[in-house]
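Have a look at the structure below before the remarks.
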């Protein structure tokens, strides 16, 4: 791969990410317009959530080891890790990781199928 090709690939990746993040920002604006500011308890950190996180982690690792790993596996692992976290600082970090995986997954879908239709 040449430097020009790498630059082109990086620019396409940046544009795909920007498009996905713009759609997410638009969805957040729709949510705020419909529901207003939301301030609910986190509801995380239950023992059952810790068990689910361990199961999701193991499933993800097993599936990738066996060559059957999917975006679903990765995303569920990240979501369950967030749900298992009671500490707000660590919860926020886990939610950022889950959101990053979601954006990465959106980008992968767009690479396969082209950008999604707008509402």
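In UniProt numbering, the protein residues as written are 1 to 119. Backbone N, C-alpha and C fix where the C-beta goes; we use that ideal spot for every residue, glycine too. Bear in mind that the values here come from a model prediction, so they are computed numbers and not experimental data.
Leaving out the 5 sequence neighbours to the left and right, which residues in its chain are closer than 6 Å to residue i when beta-carbon positions are compared?
i           : result
residue 76  : 56
residue 98  : 78, 79 and 82
residue 118 : The pLDDT assigned to residue 118 is 49, lower than 50, so where the model puts this residue is not dependable, and the model offers no usable value.
Considering only C-alpha positions, which residue in the set the options is nearest to residue i?
i          : options              : result
residue 41 : 87, 105, 111 and 109 : 87
residue 74 : 66, 33, 46 and 59    : 59
residue 94 : 71, 66, 61 and 53    : 53
Could you check whether residue j and residue i sit closer than 8 Å to each other, using their CB atoms as the reference points?
i          : j           : result
residue 20 : residue 103 : yes
residue 45 : residue 11  : no
residue 31 : residue 107 : no
residue 35 : residue 71  : no
Near residue i, what residues of its chain come up, given a Cβ to Cβ distance below 8 Å and the 5 sequence neighbours on each side ignored?
i           : result
residue 50  : 84
residue 110 : 16, 19, 20 and 116
Kindly list the residues whose CB is nearer than 7 Å to the CB of residue i, restricted to its own chain and excluding five residues on each side of it in sequence; keep chain order.
i          : result
residue 91 : 42, 44, 82 and 85
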